[in-house]
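Undergrad: Below is one structure. I have some questions about it.
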Amino acid sequence: MNRRHFLLAALACACAAPVWAAPNLDDLKAAGGLRVALYRDFPPYSWQEAGEMRGIDADLARTIGRELGLKVTFMPLTPADDVDGDLRNAIWKGHYLGGGTAELMLRVPFDPEFAQRNHNAVLFGAYASEQLAWAGQRPTAMTLIDRASRIGVENDSLADLYLSSLQGGRLRDSIKHYPNSPAAARALLAGDVDAVFAPQGELDWALAGTGQRIEPLAAPGLIKSQWEIGMATKESLRDLAWAVTDVIEALRQSGELERIYQRHQVRFLPSAAH
Numbered sequence: 477m478n479r480r481h482f483l484l485a486a487l488a489c490a491c492a493a494p495v496w497a498a499p500n501l502d503d504l505k506a507a508g509g510l511r512v513a514l515y516r517d518f519p520p521y522s523w524q525e526a527g528e529m530r531g532i533d534a535d536l537a538r539t540i541g542r543e544l545g546l547k548v549t550f551m552p553l554t555p556a557d558d559v560d561g562d563l564r565n566a567i568w569k570g571h572y573l574g575g576g577t578a579e580l581m582l583r584v585p586f587d588p589e590f591a592q593r594n595h596n597a598v599l600f601g602a603y604a605s606e607q608l609a610w611a612g613q614r615p616t617a618m619t620l621i622d623r624a625s626r627i628g629v630e631n632d633s634l635a636d637l638y639l640s641s642l643q644g645g646r647l648r649d650s651i652k653h654y655p656n657s658p659a660a661a662r663a664l665l666a667g668d669v670d671a672v673f674a675p676q677g678e679l680d681w682a683l684a685g686t687g688q689r690i691e692p693l694a695a696p697g698l699i700k701s702q703w704e705i706g707m708a709t710k711e712s713l714r715d716l717a718w719a720v721t722d723v724i725e726a727l728r729q730s731g732e733l734e735r736i737y738q739r740h741q742v743r744f745l746p747s748a749a750h
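If you use my numbering, the sequence shown corresponds to residues 477 to 750, in order.
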C-alpha cells in the first residue's frame, strides 16, 4: 500500500470509529459502580486496614453508593504536594504512574478561590467543617505565650506554620514536630509534650476515651481557623454532583451524617451553609 492509500484507509477508519462520549450518571448506573478517591492514610476519615478502606469518609461513600444504587470501589490516594495535585491525580487527569481516575473524591476543601483555579474538576457538596483545636489537660490561651510549653504539631501543617510564625517566631523552640496529628497526640499521652495543636476531628479520634480536654481556641492573626469540607467530581458528571448533593442533604436532615461521625468518636461540625 502506497502512502496515499494508507492515509485514505486511516481516514476511513477514523470516520467509522464511534465518537467518545464523556461519562454521565446514567452510564455509571448502567455499569452499576462508582469509584471514590479517598486518602489512603488519613484517620479518622480514611485509612486502609486488612485490605479495606475504613473511616468516616469510607462509611459516607458507601452510604452514598447505597442510596444511588451503585457499588462503591475505592481509589486510595497518596497526597501530592498540594490539594490541586490531588484533584489532578484523582479526578481529571490521573497519576503519571497510571491507575486511572475516580468519579468522586471526598474530603476536598470547599473554597471559592480554590474551586476557581481548579476548573477541570467540579467542587460541590460541602458536608462538614473542620477547625483547629488544642488538646491537653489545661489548654488555654496562655499556651501561646508560655515559652516553657512543649507543643506538638504535624510537620508542615497549618498548625505548624501558624505557630512557627506567631509573634515573630517566638514559639519555634517550643514546637515539637511529628509525622501526623495522631502521632503528636500519642506524644501528649506519653508526656513528651504539654499540648497538641491540630484539626479537632483528628484529635477527637486520636484521644477518644483518654480524658484529655480538646477545644477550639482563638488563634490571633490566623485568617481562617475553620474551613468547609466538600467533594469533587469530573466536569462531565455534574448530574452525579446534583444527585450526591441530594443524598447528603437527606443524610443531614435524618441525622445519619452526624451518626457516621459519632461512630468514630468524632464530633460532627456541620457545614456553615447549614
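The beta carbon of each residue, even a glycine, is placed where N, CA and C say it ideally should be.
Using only the alpha-carbon positions, how far apart do Arg728 and Asp649 sit?
TA: Translated into the one-based positions of the sequence shown, residue 728 becomes position 252. Translated into the one-based positions of the sequence shown, residue 649 becomes position 173. Going by the C-alpha atoms only, they are around 43 Å apart.
Undergrad: Are the Cβ atoms of Leu608 and Ser701 separated by less than 8 Å?
TA: The residue you call residue 608 lines up with position 132 of the sequence shown. The residue you call residue 701 lines up with position 225 of the sequence shown. The answer is yes: Cβ separation under 8 Å.
Undergrad: Hey, would you say Ala578 sits closer than 8 Å to Ala566, going by beta carbons?
TA: For the purposes of this step, residue 578 is taken as residue 102 along the sequence shown, with counting starting at 1. For the purposes of this step, residue 566 is taken as residue 90 along the sequence shown, with counting starting at 1. Result yes, Cβ atoms of Ala578 and Ala566 sit closer than 8 Å.
Undergrad: Here's the rule I'm using: 16 or more other beta-carbon atoms within 10 Å means buried, otherwise exposed. How should Arg739 be labelled?
TA: For the purposes of this step, residue 739 is identified with residue 263 of the sequence shown, where counting begins at 1. Exposed is the call here.
Undergrad: Can you tell me the Cα-Cα spacing of Ala660 and Asp502, whole angstroms?
TA: Residue 660 sits at position 184 when you count from the first residue of the sequence shown. Residue 502 sits at position 26 when you count from the first residue of the sequence shown. One C-alpha to the other measures close to 45 Å.
Undergrad: Would you mind stating whether Leu634 and Asn594 have Cβ atoms separated by less than 8 Å?
TA: Along the sequence shown, read from residue 1 onward, the residue named residue 634 stands at position 158. Along the sequence shown, read from residue 1 onward, the residue named residue 594 stands at position 118. No; because the gap between Cβ atoms is not below 8 Å, this pair is not in contact.
Undergrad: Output the boundary residues of the beta strand (DSSP E) element that contains Ala513.
TA: For the purposes of this step, residue 513 is identified with residue 37 of the sequence shown, where counting begins at 1. Taken as a continuous stretch (DSSP letters only), the beta strand (DSSP E) holding Ala513 covers Gly509 to Tyr515.
Undergrad: Would you kindly report the start and end of the unbroken beta strand (DSSP E) that includes Gly601?
TA: Locating residue 601 in the sequence shown gives position 125, counting from the first residue. First-last of the beta strand (DSSP E) with Gly601: Ala597 to Gly612.
Undergrad: Check Tyr638 in the structure and name its three-state DSSP category.
TA: If you number the sequence shown from 1, residue 638 lands on position 162. Three-state DSSP puts Tyr638 in a helix.
Undergrad: Are the CB atoms of Leu546 and Leu510 within a distance shorter than 8 Å?
TA: Working through the sequence shown from its first residue, we reach residue 510 at position 34. Working through the sequence shown from its first residue, we reach residue 546 at position 70. A contact, by the Cβ cut-off of 8 Å.
Undergrad: For Asn500, which residues in the same chain have their Cβ closer than 7 Å to its Cβ, ignoring the five residues on either side in sequence?
TA: Here residue 500 corresponds to residue number 24 of the sequence shown, with the count starting at 1. Only Ser712, Leu713 and Asp715 meet the Cβ criterion.
Undergrad: Which residues in the same chain as Leu536 place their Cβ atom closer than 7 Å to its Cβ, once the five residues preceding and following it in sequence are excluded?
TA: The count along the sequence shown starts at 1 and reaches residue 536 at position 60. Closer than 7 Å at Cβ, skipping near neighbours: Leu582 and Ile736.
Undergrad: Give the DSSP bridge partners of Trp523, in chain order.
TA: Within the sequence shown, residue 523 is the residue found at index 47, counting from 1. BP columns for Trp523 point to Asp517 and Arg530.
Undergrad: Over what stretch of residues does the alpha helix (DSSP H) that includes Arg735 continue unbroken?
TA: The residue labelled residue 735 in the question sits at position 259 within the sequence shown. Here the alpha helix (DSSP H) through Arg735 covers Glu732 to Arg739.
Undergrad: Per DSSP, what kind of secondary structure is Val669 in: helix, strand or coil?
TA: If you number the sequence shown from 1, residue 669 lands on position 193. Three-state DSSP puts Val669 in coil, outside helix and strand.
Undergrad: What residues in its chain sit with their C-beta under 6 Å from that of Ala591, if we drop five residues either side in the sequence?
TA: Position 115 of the sequence shown, counting from 1, holds the residue named residue 591. Around Ala591: Leu599.
Undergrad: I want to see whether chain C comes within less than 8 Å of Trp523, judged by CB atoms only; does it?
TA: The structure shown contains no chain C, having only a single protein chain.
Undergrad: Are Leu544 and Val723 touching if we call contact CB-CB under 8 Å?
TA: Residue 544 sits at position 68 when you count from the first residue of the sequence shown. Residue 723 sits at position 247 when you count from the first residue of the sequence shown. Their beta carbons are under 8 Å apart, which means Leu544 touches Val723 by this criterion.
Undergrad: Under the DSSP definition of a beta bridge, which residues are partnered with Leu553?
TA: As a first step, residue 553 must be located in the sequence shown, where it is residue number 77. Beta-bridge pairing links Leu553 to Tyr515.
Undergrad: Less than 8 Å between C-beta atoms, sequence neighbours within five positions excluded: which residues of the same chain meet that for Thr549?
TA: The residue you call residue 549 lines up with position 73 of the sequence shown. Excluding sequence neighbours, Thr549 sits near Gly509, Leu510, Arg511 and Val512.
Undergrad: Where Gly685 and Ala507 are concerned, what is the direct C-alpha to C-alpha distance, given to the nearest angstrom?
TA: In the sequence shown, residue 685 corresponds to position 209, counting from 1. In the sequence shown, residue 507 corresponds to position 31, counting from 1. If you take the alpha carbons of Gly685 and Ala507, they lie about 43 Å apart.
Undergrad: So which of Val559, Ala604 and Ser657 has the shortest CA-CA distance to Glu734?
TA: Within the sequence shown, residue 734 is the residue found at index 258, counting from 1. It is Ala604.
Undergrad: Per DSSP, what kind of secondary structure is Gly706 in: helix, strand or coil?
TA: Indexing the sequence shown from 1 puts residue 706 at position 230. Reduced to three states, the DSSP call for Gly706 is strand.
Undergrad: If I'm right that Ala682 touches Pro655 with Cβ under 8 Å, what's the distance once you round it to whole angstroms?
TA: The sequence position of residue 682 within the sequence shown is 206, counting from 1. The sequence position of residue 655 within the sequence shown is 179, counting from 1. Not a contact, Cβ separation roughly 13 Å.
Undergrad: Name, in chain order, the residues that DSSP records as bridge partners for Ala695.
TA: Counted from its first residue, the sequence shown places residue 695 at position 219. Answer is none; Ala695 lacks a bridge partner.
Undergrad: Here's the rule I'm using: 16 or more other beta-carbon atoms within 10 Å means buried, otherwise exposed. How should Tyr638 be labelled?
TA: Counted from its first residue, the sequence shown places residue 638 at position 162. That one is buried.
Undergrad: Got a sec, what are the start and stop residues for the beta strand (DSSP E) Pro585 sits in?
TA: Residue numbering aside, residue 585 sits at position 109 when the sequence shown is read from its first letter. It spans Leu580 to Pro585 - the beta strand (DSSP E) in which Pro585 sits, taken as one unbroken run.
Undergrad: Excluding five sequence neighbours on each side, which residues of the same chain lie with their C-beta closer than 6 Å to the C-beta of Ala497?
TA: One-based indexing of the sequence shown puts residue 497 at position 21. Bear in mind that a pLDDT of 46 at Ala497, under 50, signals an unreliable position, so the number given afterwards is only what the model happens to contain. Closer than 6 Å at the Cβ level, and outside the excluded window around Ala497, lies no residue.
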